[in-house]
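Engineer:
Protein chains in written order, with our numbering: chain A, 1 to 247; chain B, 1001 to 1268.
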């Protein structure tokens, strides 16, 4: 049976300890599209994606991924996940080993040559060939972010979720990132990006989820959302600025 | 030519084999301690163990058995505090002095010969017997297997706990198992180095290996080598200069760290 939606969320309430981070959120996302999640800090965006990918288990409601329950789906395959880039402490791990983490479930007792080849190919596809032996904390923010994307996509996920991936990136790295997202979408992957970059939303998204504890709006056409809506959501003036990229 | 005469004697052979086993187990687990930046933990568990020594002496039960129970319970409690967001160092800082004070009171009440207490505080690797070695061999085999199977699980969950959870790694189970093994290895090597010096055996070889090796894989190879070498050369040093073996072993480890530091600084 062909599944209409790749992600169905119904009545989702998730907590951090005693604190209700999101309440009664419902939405449905289609396969192969690109969605963005926006909302103020503390509004529950990260909680939502962490609950979907399987980091947070304390939730009520229903999450279905390609027609299967969340736990059933993530037992079978990974959802690609790129976490928020906070300051990275020194850790003695090479770039190739970070990417191999994404193939951990497939490795058995140890990683085999096919896993190394796959990880290398993924690094190359992201323009990171030659970086495999570098330590992760030696890289720039943009390079580190691409390594994290490589780790997320090395297992060929059907859904890729990225949490504020452009924070701390210079404009050149941001431009590279936007072009990557377009490639992922064209390859048939469903891409979900948490962002504060409202201009990015208006330029690329097929749909937008606005979260502030609960789902404020779920629009399929971004042009439906005027600047005054974002101003209301964030509580202060927000101006949408379109990104212009060379094709 | 090095004077290796100590190894001609039974006590020297037992010390060497027991020391190498203890060095292997503590060095392997020490890598995780250093990577997780919880270097105070080994020292904390050892000091908390002193309550077990005092209690064992007071009630007339083999102190190491009581110490093992106390050490494992303490390690799990500290681990639980850590999982609840209270850093291990804070928990240890609170319990560290209190447990030593309680241990001193219990030892005082037990009225035992002070030399027995000194053995627990400073250790005596030359006083080990074959039974100690057998128990250490079993524990070392368990720790080697644990590290062989779960090294990546431990490293991944230290590097990125959220992503490890996505991968399906049972983070809590592995973490608490690690703490139980760490507490056990501390208790079983206390008679080698004593409560005061045991933390060196856990932290210093791993810290030196971290300076010399760029990667965690290198750390796991190098730290056992550094640790077992320090036992070998420490025993020889103590034999030649007639100095306490446990102190000589730790001194060698300290020197190794110093040279590793110099290599790191000037070797580039």
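Just so you know, even glycine gets a beta-carbon here, dropped at the ideal spot from N, CA and C.
On the DSSP bridge assignment, give the partners of residue 69(A) in chain order.
Structural biologist: The residue you call residue 69(A) lines up with position 69 of the first chain. Note: residue 69(A) sits in a beta bridge opposite 64(A).
Engineer: Measure the beta-carbon distance from residue 190(A) to residue 154(A) and round it to whole angstroms, keeping in mind my assumption that it falls under 8 Å.
Structural biologist: Within the first chain, the letter at position 190 stands for residue 190(A). Within the first chain, the letter at position 154 stands for residue 154(A). So it is not a contact: roughly 17 Å between Cβ atoms.
Engineer: Using the C-alpha atoms, what's the distance from residue 23(A) back to residue 1041(B)?
Structural biologist: For this step, residue 1041(B) is matched to residue 41 along the second chain. For this step, residue 23(A) is matched to residue 23 along the first chain. Spanning the two alpha carbons is a distance of roughly 40 Å.
Engineer: Between the C-alpha atoms of residue 1064(B) and residue 1139(B), what's the straight-line distance to the nearest angstrom?
Structural biologist: If you number the second chain from 1, residue 1064(B) lands on position 64. If you number the second chain from 1, residue 1139(B) lands on position 139. The straight-line gap from Cα to Cα measures roughly 15 Å.
Engineer: Please list, in chain order, the chain A residues whose beta carbon lies closer than 8 Å to that of residue 1163(B).
Structural biologist: For the purposes of this step, residue 1163(B) is identified with residue 163 of the second chain, where counting begins at 1. Those are 81, 83, 101, 151, listed as they occur along chain A.
Engineer: How would you call residue 118(A), buried or exposed, if buried means at least 16 neighbouring beta carbons within 10 angstroms?
Structural biologist: Counting from 1 along the first chain, the entry for residue 118(A) is found at position 118. So residue 118(A) ends up on the buried side.
Engineer: State the Cα-Cα distance for the pair residue 1084(B) and residue 1077(B), rounded to the nearest angstrom.
Structural biologist: Position 84 of the second chain, counting from 1, holds the residue named residue 1084(B). Position 77 of the second chain, counting from 1, holds the residue named residue 1077(B). If I take the Cα positions, the gap works out to 11 Å.
Engineer: Is there a Cβ from chain A that is less than 9 Å from the Cβ of residue 1154(B)?
Structural biologist: Taking the first residue of the second chain as position 1, residue 1154(B) is located at position 154. No, no contact with chain A.
Engineer: Does chain B have any CB closer than 9 Å to the CB of residue 105(A)?
Structural biologist: As a working mapping, residue 105(A) is identified with position 105 in the first chain. Yes, residue 105(A) counts as interfacial toward chain B.
Engineer: Could you check if residue 245(A) is buried or exposed, using at least 16 other CB atoms within 10 Å of its CB as the buried criterion?
Structural biologist: Reading the first chain from its first residue, position 245 is the one you call residue 245(A). The predicted model places residue 245(A) with a pLDDT of 41, which falls under 50 and marks its position as unreliable, so this point remains unresolved.
Engineer: Since residue 1122(B) contacts residue 1154(B) with CB under 8 Å, what's their CB separation in whole angstroms?
Structural biologist: Along the second chain, read from residue 1 onward, the residue named residue 1122(B) stands at position 122. Along the second chain, read from residue 1 onward, the residue named residue 1154(B) stands at position 154. Not a contact, Cβ separation roughly 31 Å.
Engineer: So which of 108(A), 9(A), 68(A), 134(A) has the shortest CA-CA distance to residue 90(A)?
Structural biologist: Within the first chain, residue 90(A) is the residue found at index 90, counting from 1. Of the listed residues, the one whose Cα sits closest to residue 90(A) is 134(A).
Engineer: List the DSSP bridge partners of residue 13(A).
Structural biologist: Position 13 of the first chain, counted from the first residue, corresponds to residue 13(A). In DSSP, residue 13(A) forms a bridge with 60(A).
Engineer: Going along the chain, which residues of its own chain have a beta-carbon closer than 8 Å to the beta-carbon of residue 1013(B), five neighbours each way excluded?
Structural biologist: Within the second chain, the letter at position 13 stands for residue 1013(B). Excluding residues within five positions, the ones whose Cβ falls inside 8 Å are 1007.
Engineer: At which residues does the beta strand (DSSP E) containing residue 162(A) begin and terminate?
Structural biologist: Taking the first chain and counting its residues from 1, the one referred to as residue 162(A) is at position 162. From DSSP, the beta strand (DSSP E) with residue 162(A) extends over 159–163.
Engineer: Just the C-alpha distance for residue 159(A) and residue 60(A), rounded to the nearest angstrom, thanks.
Structural biologist: Along the first chain, read from residue 1 onward, the residue named residue 159(A) stands at position 159. Along the first chain, read from residue 1 onward, the residue named residue 60(A) stands at position 60. Roughly 22 Å between the two C-alpha positions.
Engineer: Spell out the partners DSSP gives residue 1233(B) in its beta bridges.
Structural biologist: Stepping through the second chain from its first residue, residue 1233(B) is reached at position 233. For residue 1233(B), which the question treats as bridged, DSSP gives no partner whatsoever.
Engineer: Hey, out of 1105(B), 1075(B), 1117(B), 1102(B), whose CA is closest to residue 1092(B)'s CA?
Structural biologist: Stepping through the second chain from its first residue, residue 1092(B) is reached at position 92. When each option's Cα is compared against that of residue 1092(B), the closest is 1075(B).
Engineer: Please look up how many angstroms separate the CB atoms of residue 1015(B) and residue 1128(B), rounded, as I've assumed it's under 8 Å.
Structural biologist: As a first step, residue 1015(B) is located in the second chain; it is residue number 15 there, counting from the start. As a first step, residue 1128(B) is located in the second chain; it is residue number 128 there, counting from the start. 6 Å between Cβ atoms; contact.
Engineer: Does the beta carbon of residue 1083(B) sit closer than 9 Å to a beta carbon anywhere in chain A?
Structural biologist: The residue you call residue 1083(B) lines up with position 83 of the second chain. No, its Cβ sits nowhere closer than 9 Å to a Cβ of chain A.
Engineer: Counting pairs of Cβ atoms below 8 Å between the segment 1200–1219 of chain B and the segment 1049–1064 of chain B, do you hit three or more?
Structural biologist: With a cut-off of 8 Å, the segment 1049–1064 of chain B and the segment 1200–1219 of chain B do not count as touching, because too few Cβ pairs lie within range.
Engineer: Just to confirm the assignment, what range does the alpha helix (DSSP H) spanning residue 1152(B) have?
Structural biologist: Within the second chain, residue 1152(B) is the residue found at index 152, counting from 1. 1130–1159 is the extent of the alpha helix (DSSP H) around residue 1152(B).
Engineer: Kindly indicate if chain B contains any beta-carbon less than 9 Å away from that of residue 53(A).
Structural biologist: Start at 1 with the first residue of the first chain, and residue 53(A) comes out as number 53. Residue 53(A) counts as touching chain B.
Engineer: In terms of residues, what are the limits of the beta strand (DSSP E) holding residue 23(A)?
Structural biologist: Within the first chain, the letter at position 23 stands for residue 23(A). First-last of the beta strand (DSSP E) with residue 23(A): 19–30.
Engineer: Consult DSSP for residue 208(A) and reduce its assignment to one of helix, strand or coil.
Structural biologist: As a working note, residue 208(A) is residue 208 in the first chain. Note: residue 208(A) maps to strand in three-state DSSP.
Engineer: Alpha carbon to alpha carbon, how far is residue 80(A) from residue 1052(B)?
Structural biologist: Numbered from 1 along the first chain, position 80 holds the residue referred to as residue 80(A). Numbered from 1 along the second chain, position 52 holds the residue referred to as residue 1052(B). Residue 80(A) and residue 1052(B): Cα-Cα distance of roughly 48 Å.
Engineer: Take residue 1135(B) and list the residues in its own chain whose beta-carbon comes closer than 8 Å to its own, dropping the five residues that flank it on each side.
Structural biologist: Here residue 1135(B) refers to the residue found at position 135 when the second chain is read from its first residue. 1188, listed in sequence order.
Engineer: Would you tell me roughly how many angstroms separate the C-alpha atoms of residue 1(A) and residue 209(A), rounded to the nearest one?
Structural biologist: Numbered from 1 along the first chain, position 1 holds the residue referred to as residue 1(A). Numbered from 1 along the first chain, position 209 holds the residue referred to as residue 209(A). Confidence is the limiting factor: at residue 1(A) the pLDDT is only 48, short of 50, which leaves the residue's position unreliable and the question unanswerable from this model.
Engineer: Looking at the unbroken beta strand (DSSP E) that takes in residue 1085(B), where does it start and where does it end?
Structural biologist: Here residue 1085(B) refers to the residue found at position 85 of the second chain. Neither: residue 1085(B) is in no beta strand (DSSP E) and is coded neither H nor E.
Engineer: Closer than 9 Å, Cβ to any Cβ of chain A: which residues of the segment 1197–1221 of chain B, in chain order?
Structural biologist: Those residues of the segment 1197–1221 of chain B that come within reach of chain A (Cβ to Cβ, closer than 9 Å) are 1210, 1213, 1214, 1215, 1216, 1217, 1218, 1219.
Engineer: Could you tell me whether any Cβ in chain E is nearer than 9 Å to the Cβ of residue 1044(B)?
Structural biologist: The structure shown contains no chain E; the protein chains it does contain are A and B.
Engineer: Is it buried or exposed for residue 994(B), if we count other Cβ within 10 angstroms and need 16 for buried?
Structural biologist: Any property of residue 994(B) remains undetermined from this structure, which presents chain B solely from 1001 to 1268.
Engineer: So is residue 1149(B) in contact with chain A if we call contact Cβ pairs under 9 Å?
Structural biologist: Taking the second chain and counting its residues from 1, the one referred to as residue 1149(B) is at position 149. So, interface residue.
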